[in-house]
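Number of protein chains: 4
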Amino acid sequence: MDPTARADAIHRLKSVAGHVNGIIRMLEEDRYCIDVIGQIQAAQTALSRVSEGILDAHLRTCVTTAIQGADAEERERVLGEITEVFRHTNRP
Amino acid sequence: MDPTARADAIHRLKSVAGHVNGIIRMLEEDRYCIDVIGQIQAAQTALSRVSEGILDAHLRTCVTTAIQGADAEERERVLGEITEVFRHTNRP
Amino acid sequence: MDPTARADAIHRLKSVAGHVNGIIRMLEEDRYCIDVIGQIQAAQTALSRVSEGILDAHLRTCVTTAIQGADAEERERVLGEITEVFRHTNRP
Amino acid sequence: MDPTARADAIHRLKSVAGHVNGIIRMLEEDRYCIDVIGQIQAAQTALSRVSEGILDAHLRTCVTTAIQGADAEERERVLGEITEVFRHTNRP
Numbered sequence: 222m223d224p225t226a227r228a229d230a231i232h233r234l235k236s237v238a239g240h241v242n243g244i245i246r247m248l249e250e251d252r253y254c255i256d257v258i259g260q261i262q263a264a265q266t267a268l269s270r271v272s273e274g275i276l277d278a279h280l281r282t283c284v285t286t287a288i289q290g291a292d293a294e295e296r297e298r299v300l301g302e303i304t305e306v307f308r309h310t311n312r313p
Numbered sequence: 222m223d224p225t226a227r228a229d230a231i232h233r234l235k236s237v238a239g240h241v242n243g244i245i246r247m248l249e250e251d252r253y254c255i256d257v258i259g260q261i262q263a264a265q266t267a268l269s270r271v272s273e274g275i276l277d278a279h280l281r282t283c284v285t286t287a288i289q290g291a292d293a294e295e296r297e298r299v300l301g302e303i304t305e306v307f308r309h310t311n312r313p
Numbered sequence: 222m223d224p225t226a227r228a229d230a231i232h233r234l235k236s237v238a239g240h241v242n243g244i245i246r247m248l249e250e251d252r253y254c255i256d257v258i259g260q261i262q263a264a265q266t267a268l269s270r271v272s273e274g275i276l277d278a279h280l281r282t283c284v285t286t287a288i289q290g291a292d293a294e295e296r297e298r299v300l301g302e303i304t305e306v307f308r309h310t311n312r313p
Numbered sequence: 222m223d224p225t226a227r228a229d230a231i232h233r234l235k236s237v238a239g240h241v242n243g244i245i246r247m248l249e250e251d252r253y254c255i256d257v258i259g260q261i262q263a264a265q266t267a268l269s270r271v272s273e274g275i276l277d278a279h280l281r282t283c284v285t286t287a288i289q290g291a292d293a294e295e296r297e298r299v300l301g302e303i304t305e306v307f308r309h310t311n312r313p
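Spelled out as structure tokens, the structure:
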């Protein structure tokens, strides 16, 4: 992966880890359930932003290289992975 | 789009339209709310399957052509669209 | 269900059925894949709005009645259904 | 919240925090993008399981108490929050 995209992803994930630890403290302090759920949803949103950044970098590097390459099977494989990632995120 | 993928998408969407009309009848017959919500979620799942099929066909045709082409701006555009479709589906 | 909530849900579902037929026409006219996917996502969003309205009406009628009632098993049942609806919508 | 549900949520969140740190290491080791995205999606799923458990506990305690209580405004408030949590999770 492109070093800038990777550094950005690591930075965001460190922030998510801190966020999750903050949610654990909310539970230990017996904070209101709905507020805790709100923070869990915010952490999930932050994780979505990370995977979008990684997918974007992946499309511009690995996928582009594979599609411009001569190996038809490899092209098939990388495109199938993109559909699979989309399917997993999409409503089951 | 590839004619087979298009025919498949049209076939599935006709089935979704019939499904939605069935849900309208459930409401007219005052069926149990949770059962109605279950059918709405099933229709949403069916729509996800349609968009996955279309994305898959799009990757194998338009996106592959653009990435193998000489126009850097066009490559950028089609890849940005894929990230955008993923972002829209991903948790907001 | 409350008649106003039901009429609203039916009205929205008729609009979704029309929307889905419009997407079928887009495919028949061979419109751009990404635009078709965008319209499918919009139809899914419209369906989410319908199920939210139905859930809201359900909470204010059936669920409230059950929880104020004397039947512990029935209370358990209606609350379990709410968690189940949430689980189905939540990331799998 | 019920102490058992709270302990379960804290236990699961500690596991998610560990999972996120594992994903950071995957990025530092330059692991394959699609595998990283798969792990991010798994962490999001784990977070969904936590919020479902908290919602379930909340329905059985605070919501049940409020609905059985005499304060109509409070009943309105807790039910509105449930719809809001559902709306946030549902497709935007």
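Chains as they are written, first to last, in the working numbering: chain F, 222 to 313; chain R, 222 to 313; chain A, 222 to 313; chain S, 222 to 313.
All residues carry an ideal CB built from backbone N, CA and C; glycine is no exception.
Rank A:Gly301, A:Ile288 and A:Ser272 by C-alpha distance to the C-alpha of Ile258 of chain R and give the top, closest one.
A:Ser272
Pairwise C-alpha distance: Glu302 of chain R and Gln289 of chain F
19 Å
Can you say whether His232 of chain S is buried or exposed, counting buried as having 16 or more other CB atoms within 10 angstroms of its CB?
exposed
Going along the chain, which residues of its own chain have a beta-carbon closer than 7 Å to the beta-carbon of Glu295 of chain F, five neighbours each way excluded?
Ala287
Under 7 Å Cβ-Cβ, which residues of chain S neighbour Asp277 of chain A?
Thr304
Does the region 235-255 of chain R come close enough to the region 231-246 of chain A that 3 or more CB-CB pairs lie under 8 Å?
yes
Along chain A, which residues have their Cβ under 7 Å away from the Cβ of Arg308 of chain S?
Glu273
Figure out for me which residue from F:Val284, F:Asp292 and F:Gln265 has the closest Cα to the Cα of Thr310 of chain S.
F:Gln265
Output the distance between the C-alpha atoms of Gln260 of chain S and Arg270 of chain F, rounded to the nearest integer angstrom.
14 Å
Reference Leu280 of chain R; option with closest CA among F:Ala228, F:Val299 and F:Pro224:
F:Val299
Which residues bound the alpha helix (DSSP H) around Arg308 of chain A?
Ala293 to Thr310
Minimum Cβ-Cβ distance from Thr282 of chain R to chain F less than 8 Å
no
Could you name the residues of chain F that Asp251 of chain S contacts, counting a contact when the two beta carbons are closer than 9 Å?
Met222 and Arg227
Which residue's Cα is closest to the Cα of Ala263 of chain R: R:Asp277, R:Arg308, R:Ala226 and R:Gly239?
R:Gly239
Give the DSSP-derived three-state secondary structure of Arg252 of chain S in the structure shown.
coil
Does the beta-carbon distance from Cys254 of chain F to Met222 of chain S come in below 8 Å?
yes
Report all residues from its chain with a CB closer than 8 Å to the CB of Ala226 of chain S; omit the five preceding and five following residues, and keep chain order.
Gly274, Ile275, Asp277 and Ala278
If contacts are defined as beta-carbon pairs under 8 Å, then Val241 of chain R and Val306 of chain A qualify, I think. What distance do you get, rounded to the angstrom?
Not really, about 19 Å apart at Cβ, beyond 8 Å.
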